[in-house]
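With mature numbering (1 follows the signal peptide of the UniProt record, and there is no 0) applied, the sequence shown covers -22 to -1, 1 to 145. Note that CB positions come from ideal geometry on N, CA and C, so glycine has one too. Computed from a predicted structure; not experimentally measured. First comes the structure, then the notes that go with it.
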Amino acid sequence: MQKLIKPLFIATVLTAAFNAQAVQKDITVNANVDATVDMTQADGTALPGTITMQYIPGRGLSTYSLNTKIWSNSATANINVALVSAAQLNEATSGTAVPLKVTLGADLKTITTTPTPFTYANLFPAGNTNGSSILPLKISQTTLAPLTTGTYSGVVSLLITQATTQS
């Protein structure tokens, strides 16, 4: 009996040691990569996927401002920035459209569906290693005016490309 208990005890201890409880956690990681050009917040973090514009009753929507940087793999190519489609908010129930104005840079260049050129020399005065100069991105109501009560939403899609011209 003594000879049987000892191996049984060892087998039980080994079974318990190898049956440790575990949990597996999976994290899906995604990245949109364009090896030529990108835009981030001024600190290098991704642009927000959603923003909320503040409404001032009797006045209209307050301008939303975000400091950004453009990154490029070229040490000479100019950059073009355009809207994919006209920027606007639409009220969910009535469909009322509120046109938006988008500007970029300290000189407040208006961004439309036609490419707006930014010269390499102005964007990257210290080279492209640390990204461009800080570029304020501003989104505002085109014509400041009161809006009717409702939920407004829309998408502002920026298209940033390297120009075929160089500075």
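- With a cutoff of 8 Å on beta-carbon distance, N8 and T143 are scored as not near each other.
- Residue state for N10 is assigned as coil, using DSSP reduced to three classes.
- For K47, same chain residues with a beta-carbon under 6 Å away, outside a window of 5 residues either side, are T18, A20, G109 and S110 in chain order.
- Judged by pairs of C-beta atoms under 8 Å, the stretch 97 to 116 does not touch the stretch 1 to 15, as fewer than three such pairs exist.
- Within the same chain, Q66, L67, Q119, L125 and Y130 come within 7 Å of V76 by CB-CB distance, once the 5 residues on both sides are set aside.
- If you check the CB distance, V62 and S135 come in under 8 Å.
- For A99, the uninterrupted alpha helix (DSSP H) run begins and ends at Y98 to L101, by DSSP.
- Under the three-state reduction of DSSP output, I112 falls in the coil class, being neither helix nor strand.
- Residue burial is scored here from C-beta neighbours: S50 has at least 16 other C-beta atoms within 10 angstroms and is therefore classed as buried.
- The Cβ-Cβ distance between T41 and I117 falls below 8 Å.
- Looking at the DSSP output, P26 sits in no beta bridge, so it has no partner there.
- Put simply, the backbone Cα of T30 is about 38 Å away from that of V1.
- Taking C-beta atoms as the reference points, L39 and L115 fail to come closer than 8 Å.
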